[in-house]
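**Q** Here the sequence shown stands for residues 1 to 407, where the numbers follow UniProt numbering. Backbone N, C-alpha and C define an ideal beta-carbon position, used for all residues, glycine too.
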Amino acid sequence: MTVSSPHYIRGAVLPSSNPFQRLAELLSGEEPGKEPIVMTIGEPQHAIPDFTAGVLAENMNDFRRYPPINGSPEFRAAIAAWLDKRYGLAGAIDPERGVLPLNGSREGLSFGAIAARDQLAKGIEHPVVILPNPFYQTYAAAAHVADCEAVLLDAVPGNNFLPDLDSLDPELLDRTVAFYVASPTNPEGYVAGLDYWQKLITLARKHRFYVFADECYSEIYRDTPPPGILQAAQQTDDGFANIIVLNSLSKRSNLAGLRCGFAAGDPEFLQKWAKFRGLAAPQVPLPAQAVAVKAYQDEAHVIENRRLYNEKFEAAERHLGPIMGKVTPEAGFFLWLDVSRWGDGISVTKALWRDTGLKVLPGAFLASDQRDGSNPGRNYIRVGLCAPLAQTETALERLANWLGDTA
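Following this line, the structure appears as structure tokens:
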């Protein structure tokens, strides 16, 4: 039975191509009004850590070795130590059983739902994967490859752009095998508090599903470090049961191309998942793991990275604040701008390209249409602040001028 409400929808229309392919089609044949500035993709452009080349050089011979699927002892220890320090876990993460390396967090997000479905063995005909809407498109791919029904929860401003947990009925949760949620949220940049995490953990254990917490933007914050789901779980009687957190070096250390991330949390789940990954997944090269060890032991480059992003958000407030009000989110490196005064996100995207040469991403392309035709991203555009400050300033000035002229 298909059930819809203002909060969530079953049988949503999932996009058949990624947002950037859809953007290319949207702008096909349109000429930019000025020299193009691309503000779409979330690809870090700040400097990589200066130790990267040296660590790779020291470990070059390990490229001829097949790495163990569960990672090197040094990698697991470094991740456990960083999580312990970052979230105050009092040594609760077991580096032997509670950490796995991934080929970027995307790999874990893509295939975690398969492991969740198989390990839970609920024996139901149509298992469910729950995801926010808008969402990182990999979550939808995870539901697809796990042969699960995707149920989308609208992420709206009134709930800090987080799925409304109170809107979910017990029957749906009983069928759920995996619940995907990001904090800081992507694309909006808002943060789940410990109370939100604890409510979700309680539901996961009551209804027997796994939470996949995407915390890839955890270190790109303005002032206050966002709390994490492990921090909330560690305060419960059952520790990290039903909880898997995923993170990587892509945003924290500007090493998106290294493809090195990790999963941590529920040791029973991770040990069984490691056996599956030993059959199906590529290992993470040992030299990449060596870079990760060094990166997670060093905070200086992360502090500088955060400073550079915050400098650009200060510029965004100067240019856009007088027109739109406060635009700076709690975390991340995107602006999520409500442009409904100027049109929907798709029409504004086309106009900005045509009039100013700015390439932004319509919010509707990061969300799924509901069966009634609504889309929670329709009134938004996403603007990435990944470019150097001078280029970002130019882009923000163009955007502010266009908004002011067309208001």
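Counting beta carbon pairs with one atom in the region 90-103 and one in the region 174-184, are three or more of them shorter than 8 Å?
**A** Flag = no, the region 174-184 and the region 90-103 do not touch.
**Q** Leaving out the 5 sequence neighbours to the left and right, which residues in its chain are closer than 7 Å to Asn70 when beta-carbon positions are compared?
**A** Here residue 70 refers to the residue found at position 70 when the sequence shown is read from its first residue. Counting only Cβ-Cβ distances below 7 Å, and skipping sequence neighbours, we find Leu100, Ala274.
**Q** Out of Gly228, Lys122, Ala155, Glu31, which has the shortest C-alpha to C-alpha gap to Trp336?
**A** Stepping through the sequence shown from its first residue, residue 336 is reached at position 336. Considering only alpha carbons, the answer is Ala155.
**Q** Between Ala288 and Gly33, what straight-line distance do the alpha-carbon atoms span, to the nearest angstrom?
**A** Along the sequence shown, one-based indexing puts residue 288 at 288. Along the sequence shown, one-based indexing puts residue 33 at 33. Spanning the two alpha carbons is a distance of roughly 42 Å.
**Q** Can you check which of these residues, Leu279, Leu389, Ala300, Lys359, is closest to Leu308 by C-alpha distance?
**A** The residue given as residue 308 occupies position 308 in the sequence shown. Taking only the C-alpha atoms, the option nearest Leu308 is Leu389.
**Q** For Ser5, which of helix, strand or coil comes out of DSSP?
**A** Counting from 1 along the sequence shown, the entry for residue 5 is found at position 5. Confidence at Ser5 is low in this model, with a pLDDT of 41, below 50, so the placement of that residue should be treated as unreliable; the coordinate-derived value is given next. Reduced to three states, the DSSP call for Ser5 is coil.
**Q** Use the C-beta contact count for Leu279: other C-beta atoms within 10 angstroms, 16 or more gives buried, fewer gives exposed.
**A** Here residue 279 is taken as the residue at index 279 of the sequence shown, counted from 1. Its Cβ having fewer than 16 others within 10 Å, Leu279 is exposed.
**Q** Rounding to the nearest angstrom, what Cα-Cα distance links Leu396 and Lys272 in this structure?
**A** Within the sequence shown, residue 396 is the residue found at index 396, counting from 1. Within the sequence shown, residue 272 is the residue found at index 272, counting from 1. Distance between the alpha carbons of Leu396 and Lys272 is about 48 Å.
**Q** Note the first and the last residue of the continuous beta strand (DSSP E) segment covering Glu25.
**A** What you label residue 25 is simply residue 25 of the sequence shown in a count that begins at 1. From DSSP, Glu25 is part of no beta strand (DSSP E) but of the alpha helix (DSSP H) over 19-27.
**Q** Between the beta-carbon of Ala113 and the beta-carbon of Cys148, is there less than 8 Å?
**A** Locating residue 113 in the sequence shown gives position 113, counting from the first residue. Locating residue 148 in the sequence shown gives position 148, counting from the first residue. Their beta carbons are under 8 Å apart, which means Ala113 touches Cys148 by this criterion.
**Q** I need the DSSP call for Glu149, collapsed to helix, strand or coil.
**A** Here residue 149 corresponds to residue number 149 of the sequence shown, with the count starting at 1. In this structure, Glu149 counts as strand in the three-state DSSP scheme.
**Q** Taking just the CA atoms, how far does Ala146 sit from Ser4?
**A** Your numbering for residue 4 matches position 4 in the sequence shown. Your numbering for residue 146 matches position 146 in the sequence shown. Legend: pLDDT at Ser4 = 40, less than 50; position of this residue unreliable, no value from coordinates given.
**Q** Leaving out the 5 sequence neighbours to the left and right, which residues in its chain are closer than 7 Å to Pro282 when beta-carbon positions are compared?
**A** Residue 282 sits at position 282 when you count from the first residue of the sequence shown. Excluding residues within five positions, the ones whose Cβ falls inside 7 Å are Asn103.
**Q** Which word fits Phe365, buried or exposed, when buried means at least 16 other C-beta atoms lie within 10 angstroms of its C-beta?
**A** Numbered from 1 along the sequence shown, position 365 holds the residue referred to as residue 365. Buried.
**Q** Indicate the three-state DSSP secondary structure (helix, strand or coil) for Leu83 in the structure shown.
**A** For this step, residue 83 is matched to residue 83 along the sequence shown. Three-state result, Leu83: helix.
**Q** In this structure, does DSSP put Lys359 in helix, strand or coil?
**A** Reading the sequence shown from its first residue, position 359 is the one you call residue 359. Lys359: strand per DSSP, three-state reduction.
**Q** Identify every residue that forms a DSSP beta bridge with Tyr210.
**A** Indexing the sequence shown from 1 puts residue 210 at position 210. DSSP output for Tyr210 lists Ala178 as bridge partner(s).
**Q** For Lys85, does the count of other Cβ atoms within 10 angstroms reach 16, so buried, or fall short, so exposed?
**A** Locating residue 85 in the sequence shown gives position 85, counting from the first residue. Exposed: under 16 other Cβ atoms inside 10 Å.
**Q** Counting along the chain, where does the beta strand (DSSP E) carrying Phe334 start and finish?
**A** The residue you call residue 334 lines up with position 334 of the sequence shown. Here the beta strand (DSSP E) through Phe334 covers 334-338.
**Q** Between which residues of its own chain and Pro6 is the CB-CB distance below 6 Å, once the five residues before and five after are set aside?
**A** Taking the sequence shown and counting its residues from 1, one reaches residue 6 at position 6. Because Pro6 sits at a pLDDT of 37, beneath the cut-off of 50, its placement in the model cannot be relied upon, and the point is left open.
**Q** Below 8 Å on the Cβ atoms is my contact criterion, and I expect Pro184 with Ala331 to pass it. Report the Cβ-Cβ distance as a whole number of Å.
**A** Counting from 1 along the sequence shown, the entry for residue 184 is found at position 184. Counting from 1 along the sequence shown, the entry for residue 331 is found at position 331. Yes, Pro184 and Ala331 are in contact; Cβ-Cβ is about 4 Å, under 8 Å.
**Q** For Leu270, which residues from the same chain have a beta carbon less than 6 Å from its beta carbon, with the 5 sequence-adjacent residues on both sides left out?
**A** Against the sequence shown, residue 270 aligns to sequence position 270. The answer, listed in chain order, is Leu100.
**Q** Between which two residues does the alpha helix (DSSP H) harbouring Ile381 extend?
**A** The residue labelled residue 381 in the question sits at position 381 within the sequence shown. Counting along the chain, Ile381 falls outside any alpha helix (DSSP H), though it belongs to the beta strand (DSSP E) covering 380-384.
**Q** Would you check whether the ligand PLP has a heavy atom nearer than 7 Å to the C-beta of Pro132?
**A** The ligand PLP is not among the ligands present in this structure, which contains no ligands whatsoever.
**Q** Check Val284 in the structure and name its three-state DSSP category.
**A** What you label residue 284 is simply residue 284 of the sequence shown in a count that begins at 1. Three-state DSSP puts Val284 in coil, outside helix and strand.
**Q** Within its chain, find whatever has a CB closer than 8 Å to the CB of Pro170; leave out the 5 residues flanking it on each side and keep chain order.
**A** Within the sequence shown, residue 170 is the residue found at index 170, counting from 1. So the list reads His207, once near-sequence residues are dropped.
**Q** Nearest to Thr328 by alpha carbon, out of Tyr221, Asp50, Pro376?
**A** Against the sequence shown, residue 328 aligns to sequence position 328. When only C-alpha atoms are compared, the closest one is Tyr221.
**Q** Provide the residue span of the alpha helix (DSSP H) that contains Gly261, from first to last.
**A** Looking up residue 261 in the sequence shown gives position 261. It is not in any alpha helix (DSSP H) - Gly261 instead sits in the beta strand (DSSP E) that spans 261-265.
**Q** How is Leu168 classed by DSSP in three states: helix, strand or coil?
**A** The residue you call residue 168 lines up with position 168 of the sequence shown. Coil, per DSSP.
**Q** I think Ser105 touches Leu203, with their Cβ atoms under 8 Å apart; what is that distance to the nearest whole Å?
**A** Reading the sequence shown from its first residue, position 105 is the one you call residue 105. Reading the sequence shown from its first residue, position 203 is the one you call residue 203. No, Ser105 and Leu203 are not in contact; Cβ-Cβ is about 23 Å, not under 8 Å.
**Q** I'd like to check one pair, Lys312 with Leu385: are the Cβ atoms closer than 8 Å?
**A** Position 385 of the sequence shown, counted from the first residue, corresponds to residue 385. Position 312 of the sequence shown, counted from the first residue, corresponds to residue 312. A contact, by the Cβ cut-off of 8 Å.
**Q** Return yes when the Cβ of Ser253 is within less than 8 Å of the Cβ of Gly261, no when it is not.
**A** For the purposes of this step, residue 261 is taken as the residue at position 261 of the sequence shown. For the purposes of this step, residue 253 is taken as the residue at position 253 of the sequence shown. For Gly261 and Ser253, no; Cβs fall outside 8 Å.
**Q** Terminal residues of the continuous beta strand (DSSP E) containing Pro132?
**A** Position 132 of the sequence shown holds residue 132. Segment 128-133, the beta strand (DSSP E) holding Pro132.
**Q** If Gly345 and Pro134 are in contact, beta carbons under 8 Å, what's the gap, nearest whole angstrom?
**A** Within the sequence shown, residue 345 is the residue found at index 345, counting from 1. Within the sequence shown, residue 134 is the residue found at index 134, counting from 1. With a Cβ gap of about 11 Å, Gly345 and Pro134 do not count as contacting.
**Q** Looking at Glu58: is its Cβ nearer than 8 Å to the Cβ of Arg354?
**A** Position 58 of the sequence shown holds residue 58. Position 354 of the sequence shown holds residue 354. The answer is no: Cβ separation not under 8 Å.
**Q** Rank Asp405, Arg371, Ala213, Ala400 by C-alpha distance to the C-alpha of Leu320 and give the top, closest one.
**A** By 1-based counting over the sequence shown, the position of residue 320 is 320. Cα-wise, what sits closest to Leu320 is Ala400.
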